[in-house]
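Asks: This is the structure I want to talk about, given as C-alpha coordinates.
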Amino acid sequence: MPDSLRVRSACFSPLPRRAGAIGLAMLLSCGSLHAEPNDLCFRGVNLSGAEYGEADGVEGVNFTYPSASTVSYFAAKGFDTVRLPFKWERLQPSLGGPLDLVELDRLKTSVAGLRAKGLSVILDPHNFGYYSGSQIGSADVPSRQFAQFWIRLAAEFANQEGIAFGLMNEPHDIAPTVWLEAANMAIAGIRTIGAGNLILVPGTHWSGVVTWEQDFGRGSNASVMLSVVDPLDRYAFEVHQYMDKDLSGTHEACVNVDLAVDGMNKLSDWLRAHGKRAFLGEFGGSSEPQCLEGLTRMTQAIADNPDVWLGWTYWAGGDWWAEDEGNNIQPTDKGDRQQLSSLIPALNPEAQDRGWCVMNSAR
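Those letters in the sequence shown? Residues -35 to -1, 1 to 328, by mature numbering (1 follows the signal peptide of the UniProt record, and there is no 0).
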(Lines of atoms letter the chains of each structure in order from A and count residues from 1; the text may use other names and numbers.)
(Lines give C-alpha, C1' and ligand atoms only; values in the text may rest on other atoms or scores of the structure.)
Protein backbone atom coordinates (compact mmCIF):
# COMPACT_ATOMS: atom_id res chain seq x y z
CA MET A 1 0.00 0.00 0.00
CA PRO A 2 1.40 3.48 -0.86
CA ASP A 3 2.47 5.61 2.09
CA SER A 4 -0.33 8.09 1.36
CA LEU A 5 -2.91 5.35 1.79
CA ARG A 6 -1.25 4.11 4.96
CA VAL A 7 -1.71 7.58 6.47
CA ARG A 8 -5.33 7.65 5.41
CA SER A 9 -5.91 4.20 6.86
CA ALA A 10 -4.87 5.55 10.26
CA CYS A 11 -7.11 8.57 9.85
CA PHE A 12 -10.23 6.77 8.69
CA SER A 13 -10.28 3.44 10.53
CA PRO A 14 -11.94 2.79 13.92
CA LEU A 15 -9.81 3.68 16.92
CA PRO A 16 -8.56 0.63 18.84
CA ARG A 17 -9.79 0.52 22.42
CA ARG A 18 -6.20 0.88 23.65
CA ALA A 19 -4.76 3.13 20.98
CA GLY A 20 -2.61 4.99 23.46
CA ALA A 21 -1.25 8.51 23.24
CA ILE A 22 0.62 7.97 19.96
CA GLY A 23 -2.42 6.58 18.18
CA LEU A 24 -4.64 9.34 19.48
CA ALA A 25 -2.11 11.98 18.47
CA MET A 26 -2.03 10.58 14.93
CA LEU A 27 -5.81 10.68 14.73
CA LEU A 28 -5.96 14.22 16.02
CA SER A 29 -3.45 15.28 13.37
CA CYS A 30 -5.45 13.86 10.48
CA GLY A 31 -7.51 16.98 9.95
CA SER A 32 -9.26 17.08 6.60
CA LEU A 33 -7.10 14.71 4.54
CA HIS A 34 -8.80 13.82 1.31
CA ALA A 35 -9.53 10.54 -0.43
CA GLU A 36 -7.69 9.16 -3.41
CA PRO A 37 -9.35 10.14 -6.72
CA ASN A 38 -12.09 7.88 -8.12
CA ASP A 39 -12.54 6.00 -4.87
CA LEU A 40 -15.43 6.29 -2.43
CA CYS A 41 -16.17 4.62 0.87
CA PHE A 42 -19.90 4.06 0.40
CA ARG A 43 -21.96 2.95 -2.57
CA GLY A 44 -25.01 1.63 -0.84
CA VAL A 45 -28.72 1.39 -0.23
CA ASN A 46 -31.15 2.11 2.59
CA LEU A 47 -32.95 -1.08 3.61
CA SER A 48 -36.14 0.17 5.18
CA GLY A 49 -38.52 -1.67 7.50
CA ALA A 50 -37.25 -1.64 11.09
CA GLU A 51 -38.41 1.97 11.51
CA TYR A 52 -42.03 1.08 10.66
CA GLY A 53 -44.95 0.98 13.07
CA GLU A 54 -45.50 2.11 16.63
CA ALA A 55 -42.87 1.58 19.30
CA ASP A 56 -44.75 -1.40 20.74
CA GLY A 57 -45.27 -2.99 17.33
CA VAL A 58 -44.78 -6.70 16.69
CA GLU A 59 -41.87 -7.84 14.54
CA GLY A 60 -43.10 -9.41 11.34
CA VAL A 61 -46.46 -7.69 11.70
CA ASN A 62 -45.71 -3.99 12.20
CA PHE A 63 -42.02 -3.80 11.34
CA THR A 64 -39.27 -5.94 9.88
CA TYR A 65 -35.51 -6.05 9.54
CA PRO A 66 -33.97 -6.89 6.14
CA SER A 67 -34.38 -10.53 5.16
CA ALA A 68 -31.39 -12.68 4.27
CA SER A 69 -32.57 -12.84 0.66
CA THR A 70 -32.78 -9.05 0.40
CA VAL A 71 -29.32 -8.63 1.90
CA SER A 72 -27.89 -11.24 -0.47
CA TYR A 73 -29.54 -9.59 -3.47
CA PHE A 74 -28.04 -6.16 -2.91
CA ALA A 75 -24.64 -7.53 -1.94
CA ALA A 76 -24.58 -9.60 -5.14
CA LYS A 77 -25.43 -6.52 -7.20
CA GLY A 78 -22.31 -4.81 -5.87
CA PHE A 79 -23.68 -2.47 -3.23
CA ASP A 80 -21.15 -2.26 -0.40
CA THR A 81 -23.07 -0.41 2.32
CA VAL A 82 -26.48 -0.50 4.00
CA ARG A 83 -27.96 2.41 5.87
CA LEU A 84 -30.15 0.64 8.43
CA PRO A 85 -33.13 2.67 9.72
CA PHE A 86 -34.70 1.76 13.07
CA LYS A 87 -37.05 3.36 15.59
CA TRP A 88 -35.46 5.05 18.61
CA GLU A 89 -38.49 4.53 20.88
CA ARG A 90 -38.49 0.78 20.20
CA LEU A 91 -34.80 0.45 21.02
CA GLN A 92 -35.09 2.68 24.10
CA PRO A 93 -38.70 2.48 25.35
CA SER A 94 -38.06 4.84 28.27
CA LEU A 95 -36.16 8.04 27.53
CA GLY A 96 -32.92 7.95 29.50
CA GLY A 97 -33.42 4.28 30.35
CA PRO A 98 -31.59 1.15 29.22
CA LEU A 99 -31.86 -0.21 25.70
CA ASP A 100 -34.49 -2.88 25.20
CA LEU A 101 -32.56 -6.14 25.08
CA VAL A 102 -34.92 -7.87 22.66
CA GLU A 103 -34.82 -5.04 20.14
CA LEU A 104 -31.08 -4.63 20.63
CA ASP A 105 -30.64 -8.30 19.82
CA ARG A 106 -32.69 -7.85 16.64
CA LEU A 107 -30.52 -4.90 15.64
CA LYS A 108 -27.29 -6.75 16.39
CA THR A 109 -28.47 -9.84 14.51
CA SER A 110 -29.32 -7.73 11.47
CA VAL A 111 -25.97 -5.94 11.59
CA ALA A 112 -24.14 -9.26 11.88
CA GLY A 113 -25.99 -10.58 8.83
CA LEU A 114 -25.06 -7.51 6.81
CA ARG A 115 -21.43 -7.66 7.88
CA ALA A 116 -21.29 -11.38 7.02
CA LYS A 117 -22.02 -10.35 3.42
CA GLY A 118 -19.20 -7.81 3.50
CA LEU A 119 -21.51 -4.83 3.78
CA SER A 120 -20.68 -1.78 5.85
CA VAL A 121 -23.53 -0.62 8.08
CA ILE A 122 -24.70 2.87 8.97
CA LEU A 123 -26.90 2.85 12.07
CA ASP A 124 -29.80 5.24 11.50
CA PRO A 125 -32.27 6.21 14.26
CA HIS A 126 -34.99 7.25 11.83
CA ASN A 127 -36.80 9.77 14.04
CA PHE A 128 -36.52 13.15 12.31
CA GLY A 129 -35.23 14.79 15.49
CA TYR A 130 -38.10 13.67 17.75
CA TYR A 131 -38.79 11.13 20.48
CA SER A 132 -42.45 10.19 21.06
CA GLY A 133 -43.55 13.38 19.35
CA SER A 134 -41.31 15.73 21.34
CA GLN A 135 -38.39 17.55 19.81
CA ILE A 136 -34.77 16.94 20.74
CA GLY A 137 -33.60 19.94 22.73
CA SER A 138 -37.01 20.56 24.29
CA ALA A 139 -37.87 20.24 27.97
CA ASP A 140 -39.37 16.81 27.27
CA VAL A 141 -36.34 15.51 25.34
CA PRO A 142 -33.27 17.35 26.61
CA SER A 143 -30.15 17.16 24.48
CA ARG A 144 -28.38 15.27 27.26
CA GLN A 145 -30.91 12.44 26.90
CA PHE A 146 -30.16 12.21 23.18
CA ALA A 147 -26.47 12.04 24.07
CA GLN A 148 -27.15 9.34 26.66
CA PHE A 149 -28.98 7.28 24.04
CA TRP A 150 -25.95 7.44 21.79
CA ILE A 151 -23.58 6.57 24.64
CA ARG A 152 -25.60 3.41 25.25
CA LEU A 153 -25.85 2.49 21.58
CA ALA A 154 -22.24 3.33 20.76
CA ALA A 155 -21.06 1.11 23.60
CA GLU A 156 -22.67 -1.86 21.82
CA PHE A 157 -20.85 -1.21 18.53
CA ALA A 158 -17.74 0.72 19.58
CA ASN A 159 -14.78 0.28 17.22
CA GLN A 160 -16.38 -2.55 15.29
CA GLU A 161 -15.06 -2.61 11.76
CA GLY A 162 -17.57 -1.52 9.17
CA ILE A 163 -20.00 0.25 11.54
CA ALA A 164 -20.74 3.97 11.30
CA PHE A 165 -23.05 6.05 13.47
CA GLY A 166 -25.66 8.24 11.74
CA LEU A 167 -26.75 10.54 14.56
CA MET A 168 -30.32 11.15 13.39
CA ASN A 169 -32.43 11.00 10.26
CA GLU A 170 -33.54 14.37 8.89
CA PRO A 171 -34.03 16.67 11.89
CA HIS A 172 -36.60 19.31 11.01
CA ASP A 173 -38.28 22.34 12.56
CA ILE A 174 -35.41 22.54 15.02
CA ALA A 175 -33.27 25.67 15.24
CA PRO A 176 -29.80 24.85 13.90
CA THR A 177 -28.20 26.08 17.12
CA VAL A 178 -30.39 23.76 19.18
CA TRP A 179 -29.59 20.82 16.93
CA LEU A 180 -25.88 21.69 16.98
CA GLU A 181 -25.83 21.51 20.78
CA ALA A 182 -27.52 18.10 20.74
CA ALA A 183 -25.21 16.78 18.03
CA ASN A 184 -22.09 17.98 19.83
CA MET A 185 -23.24 16.44 23.10
CA ALA A 186 -23.84 13.11 21.35
CA ILE A 187 -20.45 13.23 19.63
CA ALA A 188 -18.73 14.04 22.92
CA GLY A 189 -20.50 11.14 24.61
CA ILE A 190 -19.54 8.71 21.86
CA ARG A 191 -15.90 9.74 22.01
CA THR A 192 -15.83 9.75 25.82
CA ILE A 193 -16.52 6.01 25.93
CA GLY A 194 -13.65 5.41 23.50
CA ALA A 195 -15.64 4.75 20.32
CA GLY A 196 -13.73 5.86 17.24
CA ASN A 197 -16.39 4.99 14.67
CA LEU A 198 -17.20 7.42 11.90
CA ILE A 199 -20.05 9.74 12.89
CA LEU A 200 -22.43 11.14 10.28
CA VAL A 201 -23.90 14.48 11.34
CA PRO A 202 -27.01 15.88 9.62
CA GLY A 203 -28.11 19.47 9.58
CA THR A 204 -31.65 20.67 10.18
CA HIS A 205 -34.42 21.34 7.65
CA TRP A 206 -34.27 17.68 6.62
CA SER A 207 -30.53 18.20 5.95
CA GLY A 208 -31.20 19.06 2.32
CA VAL A 209 -28.37 19.71 -0.10
CA VAL A 210 -30.18 22.49 -1.95
CA THR A 211 -31.13 24.26 1.28
CA TRP A 212 -27.76 23.81 3.05
CA GLU A 213 -26.83 27.48 2.76
CA GLN A 214 -30.34 28.90 3.19
CA ASP A 215 -31.28 30.73 6.39
CA PHE A 216 -34.88 30.11 7.39
CA GLY A 217 -34.69 32.70 10.12
CA ARG A 218 -32.65 30.77 12.67
CA GLY A 219 -29.32 30.39 10.91
CA SER A 220 -28.26 28.19 8.01
CA ASN A 221 -26.71 24.75 8.25
CA ALA A 222 -23.74 26.16 6.35
CA SER A 223 -23.00 28.70 9.06
CA VAL A 224 -24.08 26.91 12.23
CA MET A 225 -22.84 23.38 11.54
CA LEU A 226 -19.28 24.59 11.04
CA SER A 227 -19.19 24.52 14.85
CA VAL A 228 -19.49 20.74 15.07
CA VAL A 229 -16.81 19.50 17.48
CA ASP A 230 -15.26 16.05 17.19
CA PRO A 231 -11.92 15.53 18.97
CA LEU A 232 -11.03 12.85 16.41
CA ASP A 233 -12.26 14.83 13.39
CA ARG A 234 -13.77 11.58 12.21
CA TYR A 235 -17.14 12.85 11.10
CA ALA A 236 -18.87 13.89 7.91
CA PHE A 237 -22.05 15.82 7.25
CA GLU A 238 -24.96 13.66 6.17
CA VAL A 239 -27.18 15.30 3.58
CA HIS A 240 -30.22 14.16 1.58
CA GLN A 241 -31.58 15.30 -1.77
CA TYR A 242 -34.46 14.37 -4.06
CA MET A 243 -35.35 15.66 -7.52
CA ASP A 244 -39.16 15.96 -7.60
CA LYS A 245 -41.24 19.15 -7.57
CA ASP A 246 -40.88 19.87 -3.85
CA LEU A 247 -37.59 17.98 -3.38
CA SER A 248 -39.29 15.52 -1.01
CA GLY A 249 -38.96 12.29 -2.97
CA THR A 250 -42.71 11.69 -2.84
CA HIS A 251 -43.60 12.36 -6.49
CA GLU A 252 -42.95 10.27 -9.60
CA ALA A 253 -41.69 13.05 -11.88
CA CYS A 254 -38.16 14.37 -11.41
CA VAL A 255 -38.61 17.98 -12.52
CA ASN A 256 -35.73 19.37 -10.44
CA VAL A 257 -32.76 17.32 -11.63
CA ASP A 258 -30.76 20.42 -12.57
CA LEU A 259 -31.51 22.08 -9.23
CA ALA A 260 -30.43 18.98 -7.29
CA VAL A 261 -27.22 18.47 -9.26
CA ASP A 262 -26.36 22.16 -9.06
CA GLY A 263 -26.88 21.94 -5.31
CA MET A 264 -24.50 18.97 -5.13
CA ASN A 265 -21.82 20.89 -6.99
CA LYS A 266 -22.26 23.99 -4.83
CA LEU A 267 -22.04 21.88 -1.69
CA SER A 268 -18.85 20.28 -3.00
CA ASP A 269 -17.35 23.76 -3.31
CA TRP A 270 -18.50 24.65 0.21
CA LEU A 271 -17.06 21.45 1.67
CA ARG A 272 -13.74 22.02 -0.06
CA ALA A 273 -13.56 25.64 1.06
CA HIS A 274 -14.07 24.62 4.69
CA GLY A 275 -12.07 21.38 4.74
CA LYS A 276 -15.17 19.24 5.42
CA ARG A 277 -16.58 15.98 4.08
CA ALA A 278 -20.13 14.83 3.33
CA PHE A 279 -22.17 11.72 2.66
CA LEU A 280 -25.38 11.56 0.62
CA GLY A 281 -27.53 9.41 2.88
CA GLU A 282 -30.71 9.56 0.81
CA PHE A 283 -31.53 10.28 -2.80
CA GLY A 284 -33.83 8.49 -5.20
CA GLY A 285 -36.21 8.61 -8.09
CA SER A 286 -38.80 6.67 -10.04
CA SER A 287 -38.25 4.72 -13.24
CA GLU A 288 -39.18 7.72 -15.40
CA PRO A 289 -36.40 8.70 -17.86
CA GLN A 290 -35.77 12.07 -16.17
CA CYS A 291 -35.25 10.33 -12.85
CA LEU A 292 -32.90 7.72 -14.29
CA GLU A 293 -30.83 10.50 -15.84
CA GLY A 294 -30.89 12.34 -12.53
CA LEU A 295 -29.63 9.33 -10.59
CA THR A 296 -26.71 9.03 -12.98
CA ARG A 297 -25.89 12.71 -12.68
CA MET A 298 -26.10 12.73 -8.88
CA THR A 299 -23.80 9.75 -8.41
CA GLN A 300 -21.44 11.28 -10.97
CA ALA A 301 -21.39 14.56 -9.04
CA ILE A 302 -20.08 12.59 -6.07
CA ALA A 303 -17.63 10.53 -8.13
CA ASP A 304 -16.23 13.76 -9.57
CA ASN A 305 -15.49 15.12 -6.08
CA PRO A 306 -14.13 12.19 -4.03
CA ASP A 307 -11.94 14.52 -1.99
CA VAL A 308 -15.02 15.84 -0.18
CA TRP A 309 -17.61 13.06 -0.57
CA LEU A 310 -17.54 9.72 1.24
CA GLY A 311 -20.24 8.26 -1.00
CA TRP A 312 -23.97 7.60 -1.09
CA THR A 313 -26.85 5.31 -0.11
CA TYR A 314 -29.94 5.17 -2.30
CA TRP A 315 -33.46 5.39 -0.83
CA ALA A 316 -34.65 2.67 -0.80
CA GLY A 317 -35.05 -1.07 -0.77
CA GLY A 318 -36.72 -3.25 1.82
CA ASP A 319 -38.92 -6.31 2.03
CA TRP A 320 -42.19 -4.49 2.65
CA TRP A 321 -42.03 -1.79 -0.03
CA ALA A 322 -45.08 -1.67 -2.29
CA GLU A 323 -44.24 -2.58 -5.87
CA ASP A 324 -45.75 0.69 -7.13
CA GLU A 325 -43.69 2.89 -4.76
CA GLY A 326 -41.73 5.18 -7.07
CA ASN A 327 -38.30 5.09 -5.42
CA ASN A 328 -38.45 1.37 -4.64
CA ILE A 329 -35.56 -0.76 -5.93
CA GLN A 330 -36.57 -3.94 -4.12
CA PRO A 331 -36.65 -6.69 -6.79
CA THR A 332 -39.98 -8.20 -7.83
CA ASP A 333 -41.01 -11.42 -9.53
CA LYS A 334 -40.42 -9.53 -12.78
CA GLY A 335 -36.75 -8.98 -11.93
CA ASP A 336 -34.61 -5.93 -11.25
CA ARG A 337 -36.03 -2.44 -10.95
CA GLN A 338 -35.16 0.00 -13.73
CA GLN A 339 -33.30 2.36 -11.41
CA LEU A 340 -30.50 -0.20 -11.16
CA SER A 341 -29.55 0.64 -14.75
CA SER A 342 -28.41 4.03 -13.43
CA LEU A 343 -26.98 2.85 -10.10
CA ILE A 344 -24.99 -0.26 -11.03
CA PRO A 345 -22.51 1.61 -13.28
CA ALA A 346 -21.74 3.84 -10.28
CA LEU A 347 -20.98 0.92 -7.95
CA ASN A 348 -17.48 0.40 -9.38
CA PRO A 349 -16.72 -3.05 -7.93
CA GLU A 350 -13.19 -2.84 -9.38
CA ALA A 351 -12.26 0.13 -7.20
CA GLN A 352 -8.75 0.17 -5.80
CA ASP A 353 -7.93 -0.96 -2.26
CA ARG A 354 -10.00 1.29 -0.01
CA GLY A 355 -7.84 0.85 3.07
CA TRP A 356 -8.05 4.57 3.78
CA CYS A 357 -11.83 4.35 4.18
CA VAL A 358 -13.48 4.79 7.51
CA MET A 359 -15.36 1.56 7.01
CA ASN A 360 -12.52 -0.45 5.49
CA SER A 361 -15.29 -2.68 4.16
CA ALA A 362 -13.47 -4.08 1.16
CA ARG A 363 -10.97 -6.01 3.25
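For every residue, glycine included, the Cβ atom is placed at its ideal position computed from N, Cα and C.
Source: prediction; values computed, not measured.
(1) For Leu(-8), does the count of other Cβ atoms within 10 angstroms reach 16, so buried, or fall short, so exposed?
(2) Taking the runs of the alpha helix (DSSP H) that are 4 residues or longer, which of them lie wholly in the stretch 148 to 195?
(3) Rank Glu288, Asn221, Thr264 by C-alpha distance to the C-alpha of Gln255 and give the top, closest one.
(4) From the DSSP output, in three-state form, read off Asn293 for me.
(5) Who does Gln100 pair with in a DSSP beta bridge?
(6) Assuming contact is defined by CB atoms lying nearer than 8 Å, are Val86 and Tyr96 in contact in what I supplied?
(7) Which class does Ile128 belong to by DSSP, given the choice of helix, strand or coil?
(8) Measuring only from the beta carbon, is Val194 closer than 7 Å to any heavy atom that is part of the ligand FAD?
(9) To the nearest angstrom, how far is it from the Cα of Leu260 to the Cα of Gly102?
(10) At 3 residues or longer, what runs of the beta strand (DSSP E) sit wholly inside the stretch 17 to 77?
(11) What are the residues that DSSP puts in a beta bridge with Ala8?
(12) Just to check my reading of the structure: Asn293 and Trp285 have Cβ atoms closer than 8 Å, yes? What is that Cβ distance to the nearest angstrom?
(13) Please report the residue range of the beta strand (DSSP E) in which Ile116 lies.
(14) If we count the other Cβ atoms within 10 Å of its Cβ and call it buried at 16 or more, is His170 buried or exposed?
(15) Could you tell me the distance, in whole angstroms, from the CA atom of Gly94 to the CA atom of Pro310?
(16) Whole angstroms is fine: what's the gap from Cys219's alpha carbon to Gln265's?
(17) Can you tell which of Ala140, Tyr279, Ala129 has its C-alpha closest to the C-alpha of Gly214?
(18) If you draw a straight line from the C-alpha of Ala187 to the C-alpha of Lys299, how long is it?
(19) If contacts are defined as beta-carbon pairs under 8 Å, then Gly249 and Ala281 qualify, I think. What distance do you get, rounded to the angstrom?
Replies: According to the structure shown:
(1) Because Leu(-8) carries a pLDDT of 32, less than 50, the predicted location of this residue cannot be relied on, and the following value inherits that uncertainty. So Leu(-8) ends up on the exposed side.
(2) 186 to 189
(3) Asn221
(4) coil
(5) Tyr95
(6) Not closer than 8 Å, so no.
(7) Strand, per DSSP.
(8) With respect to the ligand FAD, the structure offers nothing, as it holds no ligand at all.
(9) 35 Å
(10) 46 to 51
(11) Note on residue identity: the sequence assigns Arg, not Ala, to residue 8. Paired residue(s): Trp277.
(12) Their Cβ separation, rounded to whole angstroms, is 10 Å, which puts Asn293 and Trp285 out of contact at 8 Å.
(13) Note, Ile116: premise wrong, no beta strand (DSSP E); alpha helix (DSSP H) at 108 to 122.
(14) buried
(15) Using only the alpha carbons, I get a separation of about 34 Å.
(16) 17 Å
(17) The shortest C-alpha separation from Gly214 is found at Tyr279.
(18) One Cα belongs to Ala187, the other to Lys299, and the distance between them is close to 44 Å.
(19) 7 Å
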